[in-house]
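Residue numbers (this note's numbering): 59 to 224.
Glycine included, every Cβ here is placed at the ideal spot set by N, Cα and C.
Treat the numbers as computed from the prediction; the structure is a model and nothing was measured.
Beneath this line is the structure, given in structure tokens, with notes to follow.
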């Protein structure tokens, strides 16, 4: 590992804990990105255009978080996710390989997955705070806000006309 070590003033134990938490988020982001794109590609029905565009926008946002999270791990001198098998092992987000998923189920499944992601980000933020790692914590604050926005949009999209107050 010495050949990848990057100087930091953080404690070695803290670096390990922060890196493990961030690598879990990198894996979650990869898994959620792929699942969101899967649903984007396979959505059908009367709201196709709206769902297709929403899921593409969300997938793009999720994908944009992967590199900064992984690079933060490297800035701390640790290794980050290197393979799809590692993503699968570390991720708390499970894929969906069903031949057909109704759009409402897609939206509800992504809503639950984004909630899982937000919870994992908050836990990682606490690990960063406990380690006095302001850089990682501030990065996560942006991604927590983005994830909460995705949750909001998915929640509102999942509501029926009877639930919406209109």
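Exercise for review: Taking all protein chains shown into account, decide if residue 138 is buried (16 or more other Cβ within 10 angstroms of its Cβ) or exposed.
Suggested key: Position 80 of the chain shown, counted from the start, is the residue given in the question as residue 138. With a 10 Å radius around the Cβ and a threshold of 16 neighbouring Cβ atoms, residue 138 comes out buried.
- Query: Which residue from 121, 132, 106, 170 puts its Cα closest to that of residue 76?
  - Reply: If you number the chain shown from 1, residue 76 lands on position 18. Minimum Cα distance to residue 76 is reached at 132.
Proximity to residue 90 [Cα-Cα], best of 99, 115, 108, 152 | Position 32 of the chain shown, counted from the start, is the residue given in the question as residue 90. The candidate whose alpha carbon is nearest that of residue 90 is 152.
Is it true that the CB of residue 201 sits closer than 8 Å to the CB of residue 149? As a working note, residue 149 is residue 91 in the chain shown. As a working note, residue 201 is residue 143 in the chain shown. Not a contact, by the Cβ cut-off of 8 Å.
Sequence-distant residues of its chain with Cβ nearer than 8 Å to residue 162 (five each side left out): Along the chain shown, one-based indexing puts residue 162 at 104. Excluding residues up to 5 positions away in sequence, 216 lie with their Cβ nearer than 8 Å to the Cβ of residue 162 in the same chain.
Out of curiosity, what's the CA-to-CA distance linking residue 119 and residue 110?
Locating residue 119 in the chain shown gives position 61, where the first residue counts as 1. Locating residue 110 in the chain shown gives position 52, where the first residue counts as 1. Distance between the alpha carbons of residue 119 and residue 110 is about 14 Å.
Worksheet entry | Environment of residue 178 [buried if 16+ CB atoms lie within 10 Å] | Counted from its first residue, the chain shown places residue 178 at position 120. So residue 178 counts as buried.
Neighbour-count burial assignment, residue 125, 16 or more Cβ in a 10 Å radius: Translated into positions along the chain shown, residue 125 becomes position 67. Taking every protein chain shown into account, the CB of residue 125 has fewer than 16 other CB atoms within 10 angstroms, so this residue is exposed.
Sorted by chain position, which residues of the same chain lie with C-beta nearer than 6 Å to residue 171's C-beta, five sequence neighbours on each side aside?
Locating residue 171 in the chain shown gives position 113, counting from the first residue. So the qualifying residues of the chain are 90, 151.
Please state if the CB of residue 79 and the CB of residue 192 are separated by a distance shorter than 8 Å. Indexing the chain shown from 1 puts residue 192 at position 134. Indexing the chain shown from 1 puts residue 79 at position 21. The Cβ-Cβ distance between residue 192 and residue 79 does not fall below 8 Å.
For residue 115, which option in 128, 99, 130, 190 has the closest C-alpha, if you only look at C-alpha atoms?
-> Translated into the one-based positions of the chain shown, residue 115 becomes position 57. Sorting 128, 99, 130, 190 by C-alpha distance to the C-alpha of residue 115 places 99 at the top.
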